[in-house]
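K.L.:
This note's numbering numbers the first residue of the sequence shown as 5 and each following residue consecutively.
Note that beta-carbon positions come from the ideal geometry of N, C-alpha and C, so glycine has one too.
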Amino acid sequence: MKIGLGLYREQLTADNFAFAAQAGATHVVAHLTSYFKGADPKISSGTQDAGWGDCSEDSLWTFEDMSALVANVRAAGLELAAIENFSPRFWSDILLDGPERDRQIEGLKQLVRDAGRAGVPCIGYNFSLAGVYGWTRGPYARGNAHSVGFGMEPVDQALPLPDGVVWNMRYRQPIAGAAPVSATSDQMWDRLRRFLLELVPVAEAAGVVLAAHPDDPPAEQLRGTARLVNRPEKFDRLMGIVDSPSNGLELCLGTLQEMPGGDIYDHVRRFARSGRIGYIHFRNVKGKVPRYYETFVDDGDIDMAEIVRILRDEDYRGVLIPDHTPAMACAASWHAGKAFALGYMKALVKNADALGPSRSLAAVAAE
Ligand SMILES: [Mn+2]
């Protein structure tokens with residue numbers, strides 16, 4: 005098990021690479037889409053209704069872009085574990101089944117080939133129209149630390165998704181008179197299936213793992229669009245579409261715990277045993293849909309030590325990153341939150357063998 009830190013585009017600096025290394029991380033997960041022009045709306049003020057920004061000028065990341073990223077991370081003594089999320093501009097019509105779909109698929113194939121050549125081992129993605137939407141921010145976490153919640157305060161979950169917007173970002177100008185976006189669950193699964201059938205073989209040849217993030221929040225529907233992976237079993241459905249090590253999971257423990265149904269420890273063991281985990285979002289939460297909030301890593305409903313025991317038992321060799329954390333009350337609230345999470349993770353992983361036997365192993369062995 006390895007420890008990494010996720011960094012947004014504006015955070016991919018020598019200072020932040022040094023911060024990651026100092027906190028004990030050996031890996032970086034990089035976002036290349038500029039979602040919010042430098043400010044994380046989950047920890048700063050700003051409203052999600054205004055959208056996260058405009059990506060309509062984004063052009064496909066090139067081999068040179070990704071090679072430079074890999075080299076910069078290596079120069080800091082770290083390794084690039086993954087790039088997280090495509091720019092909505094690259095695949096809006098794959099998500100929407102729009103007129104540019106086939107051209108966009110060819111673009112993503114080129115991006116994946118170039119990523120493999122550049123030494124990017126994994127690309128995380130989230131096959132979602134509404135994206136991360138419907139949350140509020142408040143003093144929900146320990147000590148009134150500001151964190152993100154769902155169902156904590158009223159939010160219009162049916163707010164229409166305007167034409168030209170997916171994933172909270174504008175990818176082109178709206179067409180006058182266009183209806184708001186809508187999509188059923190069957191439509192979304194069909195679009196995902198076609199995406200995987202075309203892209204996974206390319207990823208496999210390129211030595212890249214495509215890692216699917218579940219729907220955060222895992223509601224049934226948001227903004228008039230169905231959610232896809234909003235139950236643990238739907239990860240199995242996704243993996244079943246193409247049986248390949250390149251059809252992998254971006255296993256978000258927080259999102260998994262927010263879902264109704266099942267025991268997270270059994271699910272994590274099954275996914276780890278499948279060998280299909282690209283990397284793990286190691287975060288904690290209290291509650292489930294329709295009401296939950298994000299917590300400090302040691303303070304939620306998930307027993308994180310038990311997760312590490314399970315990953316140890318199943319010989320998981322991949323990367324854990326903190327995902328998001330509550331903001332701490334100091335001048336460097338983002339960094340302090342991440343440093344706390346990284347220290348906790350480092351202690352668990354370093355002492356994995358001393359954590360003793362897993363509580364849930366006996367139940368699995370008896371099957
Ligand atoms: Mn996540």
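Along the alpha helix (DSSP H) that carries residue 310, what are the first and last residues, could you check?
P.N.:
Residues 308-317.
K.L.:
Within 6 Å: the Cβ of residue 372 and any heavy atom of ligand 1?
P.N.:
Nothing can be reported for residue 372, as the shown portion of the chain is limited to 5 through 371.
K.L.:
Any residue with its C-beta under 5 Å from a non-hydrogen atom of ligand 1 counts. Can you list them all in chain order?
P.N.:
Having a Cβ closer than 5 Å to some heavy atom of ligand 1 are 256, 285 and 327.
K.L.:
Does the distance from the C-beta atom of residue 180 to that of residue 126 stay below 7 Å?
P.N.:
Cβ distance not < 7 Å, so residue 180 and residue 126 don't count as in contact.
K.L.:
Does chain B have any CB closer than 7 Å to the CB of residue 311?
P.N.:
Included in the structure is just one protein chain, with no chain B present.
K.L.:
Using a Cβ-Cβ cutoff of less than 7 Å, which residues in the same chain neighbour residue 165 once the five nearest sequence positions on both sides are dropped?
P.N.:
Taken in chain order, the residues that qualify are 133, 134, 184, 185, 227, 228 and 229.
K.L.:
With burial defined as no fewer than 16 other Cβ atoms inside 10 Å of the residue's Cβ, what is the status of residue 352: buried or exposed?
P.N.:
Counting Cβ neighbours within 10 Å, residue 352 comes out buried, since at least 16 surround it.
K.L.:
DSSP on residue 112, reduced to helix/strand/coil?
P.N.:
Residue 112: helix per DSSP, three-state reduction.
K.L.:
In terms of alpha-carbon separation, which member of 333, 130, 96 and 124 lies closest to residue 145?
P.N.:
Looking at the Cα atoms, 333 is the closest of the given residues.
K.L.:
State the Cα-Cα distance for the pair residue 363 and residue 310, rounded to the nearest angstrom.
P.N.:
Rounded to whole angstroms, residue 363 to residue 310 spans 7 Å at the Cα level.
K.L.:
Here's the rule I'm using: 16 or more other beta-carbon atoms within 10 Å means buried, otherwise exposed. How should residue 26 be labelled?
P.N.:
Exposed, since its Cβ has fewer than 16 Cβ neighbours within 10 Å.
K.L.:
How far does the beta strand (DSSP E) with residue 154 in it reach, from first residue to last?
P.N.:
That run of the beta strand (DSSP E) goes 149-154.
K.L.:
Roughly how many whole angstroms lie between the Cα atoms of residue 261 and residue 269?
P.N.:
C-alpha separation (whole angstroms): 10 Å.
K.L.:
Does DSSP put residue 357 in a helix, a strand or coil?
P.N.:
Residue 357 falls in the helix class under three-state DSSP.
K.L.:
Taking a contact to mean a Cβ-Cβ separation below 7 Å, would you say residue 214 touches residue 170 in this structure?
P.N.:
In this structure, residue 170 does not lie closer than 7 Å to residue 214 by Cβ.
K.L.:
Starting from residue 140, follow the beta strand (DSSP E) in both directions and report where the run begins and ends.
P.N.:
It spans 139-145 - the beta strand (DSSP E) in which residue 140 sits, taken as one unbroken run.
K.L.:
Can you list the alpha helix (DSSP H) stretches of 4 or more residues lying completely in the segment 21-100, in chain order?
P.N.:
Entirely contained in the segment 21-100, the alpha helix (DSSP H) runs reaching 4 residues are, in chain order, 67-79 and 92-100.
K.L.:
Measuring alpha carbon to alpha carbon, tell me which residue in 246, 263, 221 and 247 is nearest residue 237.
P.N.:
The option with the nearest alpha carbon to residue 237 is 263.
K.L.:
Would you call residue 37 buried or exposed, if buried means 16 or more other Cβ atoms sit within 10 Å of its Cβ?
P.N.:
Per the 10 Å Cβ criterion, buried.
K.L.:
Quick one: what's got a C-beta closer than 6 Å to residue 1's C-beta in the same chain, skipping five residues either side?
P.N.:
For residue 1 there is no data in the structure shown, the boundaries of the chain being 5 and 371.
K.L.:
Within this structure, are the beta carbons of residue 288 and residue 314 separated by less than 7 Å?
P.N.:
Contact flag unset, no.
K.L.:
Can you grab the Cα-Cα spacing for the pair residue 279 / residue 266, in whole Å?
P.N.:
For residue 279 and residue 266, the distance between alpha carbons rounds to 21 Å.
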